Amino acid sequence: MEGLRETHREARCAMPDRLKTMAMLVKVVDKGSISSGAKALGMPVATVSRRISELEADLKAELVLRSPRGLTLTDTGVAYVAACRRILDDVAEIERGASGEFSAPRGTLTLTAPIVFGRMHVLPVVTEFLKCYPDINVRLQLIDRPVSLSEEHIDMAVRIGPLPDSGLIARKVGEVRRIVCASRFYLETHGEPKAPNDLETASCIVFDQFLADQAWSFETDGKTLRIPVNARLHVNTAEAALDAAEAGLGITRVLSYQAAPGIKAGRLEAILQRWEPAPLPVQFVYEQRALIPQKLRAFIDFAAPRIAKRIA
């Protein structure tokens, strides 16, 4: 019995060290090398390397492959690091709860949104929010690619368009349209398209996010039309497409909020509106969990009606 008690005491003492080593391993993997991970942790490289080697010895398994160019995970390492992230996230959530994060809005809130939408609509709302909640800090990542909320430790994402069945919670805050637009100069010089088929001979500026095969989709009488377009220019950002359209190069297709400033200023005109496809939903997306931190609840309640009003 005494031996069993001693084993339990040793396990309790070892657990904090094991969590620290897990955190070291995750940091090293995220930074791509032991030296970079050690620098981020503020620890000697030799110490971090030794702790990871001791962990591998305890597990009797190789987790990382070291080389002068950095490190890579073994198959066992991939599974172990994924488990470490889950465990560390659970521990962090428990500690946040113990410190009161679930009873009052406080702490750091990490958000992500598409670049243009985030700059135009999310950032102004975040600025207002921070003035009202002095105990909350925000990390706002503006990026157009979808990111994993769990892997990148993000509290909430703003997503535009239909969502895959991911098990995430989604709250719709509005809709945006896919519109076709051009400058008045171009329309007066080349003629305004009266129907989607007219785009086949028009000069078009293609924003690659919405076009992989040089065809634009429209709707009429409940049916979808796919119209091949004459792409005079391919670009990879909406801003570039709109700049070219405002310069009179041709017709482009973007989301309504992206073109809104140019249309409001008279630099662009929306055309073919009666054939627009169904609007795309704008949604707040976050992970399902037993307890939602008050900082996230506060932001959703604050931001949802304001962003809905901005894009209405």
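The sequence shown begins at 5 in my numbering and counts up by one. Note that the Cβ used here is the ideal one computed from N, Cα and C, for glycine as well. In this text the structure is predicted, and so the values were computed from the model without any measurement.
- Would you call the segment 173-189 and the segment 282-289 touching, i.e. three or more CB-CB distances under 8 Å? yes
- Item | Where H125 falls, given that 16 or more other Cβ within 10 Å makes a residue buried | buried
- Item | Beta-carbon proximity list for T193, same chain, < 8 Å, skipping 5 on both sides | G252
- Got a sec, what are the start and stop residues for the alpha helix (DSSP H) V151 sits in? Counting along the chain, V151 falls outside any alpha helix (DSSP H), and DSSP gives it neither H nor E.
- Message: Are the CB atoms of V151 and V142 within a distance shorter than 7 Å?
- Response: no
- Query: How big is the Cα-Cα spacing for R236 and C185?
  - Reply: 15 Å
- Item | C-beta atoms of V32 and G46 nearer than 7 Å | no
- Message: Applying the 10 Å Cβ sphere with the 16-neighbour rule, what's the burial state of A263?
- Response: buried
- Residue span of the alpha helix (DSSP H) that contains P285, given as start and end: Taken as a continuous stretch (DSSP letters only), P285 belongs to no alpha helix (DSSP H), being part of the beta strand (DSSP E) at L284 to Y290.
- For the putative contact between G254 and S207, defined by C-beta atoms under 8 Å, what is the C-beta separation to the nearest angstrom? 3 Å
- Excluding the 5 residues preceding and the 5 following S39 in the sequence, name in chain order all residues of the same chain whose CB lies nearer than 8 Å to its CB. V49
- So A302 and P109 are in contact, right, with Cβ under 8 Å, and what is the actual spacing, rounded? 4 Å
- Query: Going by C-alpha distance, which of D148, I56 and K299 is nearest R163?
  - Reply: D148
- Task: Taking only the alpha-carbon atoms, compute the straight-line gap between K299 and K135 and give it to the nearest angstrom.
- Result: 14 Å
- Item | L67 to I158 span [Cα, whole Å] | 26 Å
- So V68 is in the beta strand (DSSP E); what residue range does that whole segment cover? V68 to S71
- Given G165, which residues of its chain have a CB within under 6 Å of its CB, disregarding the five upstream and five downstream residues? L284
- Item | Counted within 10 angstroms of its Cβ, other Cβ atoms place F121 as buried (16 or more) or exposed | buried
- Cβ contact (3+ pairs, closer than 8 Å) linking the segment 259-278 and the segment 85-99: no
- Less than 7 Å separating the beta-carbons of T116 and A161? yes
- Message: Assuming I311 is part of the alpha helix (DSSP H), what are its boundary residues?
- Response: Q298 to I315
- Task: Please check the pair V85 and L29, which I expect to be a contact at CB under 8 Å, by giving their CB distance rounded to whole angstroms.
- Result: 6 Å
- Neighbourhood of Y261 by C-beta distance below 8 Å, restricted to the same chain and skipping five residues each side: V120, F121, M124, H125, V180 and I315
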